[in-house]
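Worksheet for the structure shown next.
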Amino acid sequence: MNIAYSVYKSISSGLFVSLFPPFWLYSRIAGKYRKSLHQRIGLYPQELISSVSGSPRIWIHAVSVGEVNVAIPIIESLKEMMPAAAVILSTATEQGQALAKEKLDTAATCLYAPVDFIYSVRHTLKRFQPDILVCIETEIWPNWLIEANRAGAKTALINGRISVRSIRRYLKIVSLMREILRHVDAFSMIGKADAERILKMGAPENRIEINGNAKFDLLLLHTDPAVKADMMEQFNLNGKQPVFVAGSTRGPEAKIVLDVYEKIIRSFPEAILIIAPRHLKRAGQIRDEIHLRGLTCELMTELDGKAAPRSAPIVILDTIGKLHSTYSIATVVFCGGSLVPLGGQNVLEAAVWGKPVLYGPSMEDFLDAKELLDKTGGGIQVQDGAALADKALFCLNHPEEAERIGLRAREAVLSHQGAAQKHAAVIKKLLD
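Per numbering that gives the first Met the number 0: the sequence shown = residues 0 to 431.
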């Protein structure tokens, strides 16, 4: 037996035994995770297990909202290829679970994934008996993958993505990674760089394929003109105001964005700012900062279409799942997590709407998307807040050029359709 994996099993078991009692107590007191706790330790109600009908049984794990969005077009493709298949979709977060049930409740059995404690994993596999376990993007869980493989299920990493930052961590535990990855039957990676990194981590070369990013397919599904019309109404816009959308801001980026907005309104006093913090708990702090500057703002949760029309020039997007739709009404977009060393965000969510997208130098987690926009001229990279202000103002002062940049961004996304079908075909091939 691999020594590194034996150590991992011992540590993960020890952590589970020591941390579960206080976690259980916390869930009782705070109410958080109360409904999902039993599932997280591998205890599922019989009626849920019995509701899984069909063959083959395909278990897909998508940790949160982003991964669920990837899973949606893949599941739709699988259902076209194998109509009789039973799909189980697991998540680790409540937001991911809510989205899964909203979008896929009739196409998949949605539940919470068990923690990577070996007895919880074994019990879950025994109860559900999946024919294949599919992990989306970066979800590499040692006990889960190895135990599924040993139980006779096929295993796959689909829409696989390995960032520059994560490869450094993985290579520090390469002995463990090699043991895990030899139990994975297929690696369907997003791009060449991802394939090269998973190979360095120990994946067998003959099991690696490059099949693109399934997010392209989902993004295109969600660019309905009716969505834009609905968002225009929700934000009380008449189409004449410039709209600066700053998505998934992290840490000091909120202040940088506000600095940029203050420069914008000197030339465009009617301009609207919509700022979406990556973590919703930051909404209150951002509101305080806005008030300190003598500006006014509203929270998205305070608006309800015509019943409570937007009146303030700044809106803080304090809701989950609305950012992609909000990009539809932008004149110019900044994608956060990129002016701070946090790896960036998915710039394609704005690009698919045909918007000029601005982003900082830290895009390590989304290099494939960044390189696509760089190559096609559909994005603009900036080095700091001053450059962000300059480029945002350039887009507002030169609307025809901004429109051309946005169209190139959308065309770049359109040229990469079909990845979801390719990933689904990898899954089907393993089951044939």
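Note that the Cβ used here is the ideal one computed from N, Cα and C, for glycine as well.
Identify the residues that DSSP records as bridge partners of residue i: which are they?
i	result
E297	V314
P276	T248
T108	I87
Q380	Y358
L132	W58, T154
V226	DSSP, once it has assigned bridges, lists no residue as partnering V226.
V242	I271
Looking at the C-beta of residue i, does it have a partner C-beta in chain B at a distance below 9 Å?
i	result
Q420	No chain B appears in the structure shown, which is made up of a single protein chain.
Beta-carbon separation of residue i and residue j under 9 Å?
i	j	result
L294	I274	no
I40	S119	yes
E75	A418	no
A112	K78	no
L132	W58	yes
G159	T137	yes
I379	P340	no
I117	S12	yes
K428	A185	yes
D115	R56	no
I73	A423	yes
H122	L42	yes
P276	S310	no
A61	I135	yes
A350	V259	no
S266	L357	no
D364	G342	yes
G53	A99	no
A202	V242	no
L338	S361	yes
L18	L110	no
Y32	E101	no
I404	G384	no
H278	R249	yes
K479	N148	Summary: the structure shown does not reach residue 479, with the chain confined to residues 0 through 431, and so no result is reported for it.
A3	E178	yes
L347	L372	yes
Note the first and the last residue of the continuous alpha helix (DSSP H) segment covering residue i.
i	result
T154	It is not in any alpha helix (DSSP H) - T154 instead sits in the beta strand (DSSP E) that spans 153 to 159.
I25	Going by the sequence as given, residue 25 is Tyr instead of Ile. Looking at the DSSP string, the run of the alpha helix (DSSP H) that includes Y25 is 2 to 29.
W143	141 to 149
L124	117 to 127
D364	Unbroken run through D364: none, as it is neither H nor E.
H422	418 to 430
E288	282 to 291
H323	322 to 325
G405	398 to 413
R168	163 to 171
E348	347 to 350
Could you check how far apart the C-beta atoms of residue i and residue j are, in whole angstroms? I think they sit under 8 Å.
i	j	result
I209	M176	Their Cβ separation, rounded to whole angstroms, is 20 Å, which puts I209 and M176 out of contact at 8 Å.
I328	L236	6 Å
V244	V332	5 Å
E288	K262	At roughly 16 Å, the Cβ-Cβ gap does not stay under 8 Å, so E288 and K262 are not in contact.
E252	G335	5 Å
N396	K214	Not quite, the Cβ-Cβ distance comes to about 32 Å (not below 8 Å), so this is no contact.
V51	G95	Not confirmed; about 19 Å, so no contact.
H415	G190	Contact flag wrong, Cβ pair sits at about 10 Å.
G359	V381	6 Å
L170	K199	7 Å
I315	L298	5 Å
N1	S174	7 Å
Which residues bound the beta strand (DSSP E) around residue i?
i	result
F333	331 to 334
>> I'd like the ranges of any alpha helix (DSSP H) spanning at least 4 consecutive residues and lying wholly in the stretch 174 to 216.
In response: 191 to 199
> Where in the stretch 19 to 102 do unbroken runs of the alpha helix (DSSP H), each at least 4 residues long, occur, reported from the N-terminal end onward?
Replying inline: 36 to 39, 45 to 49, 64 to 80
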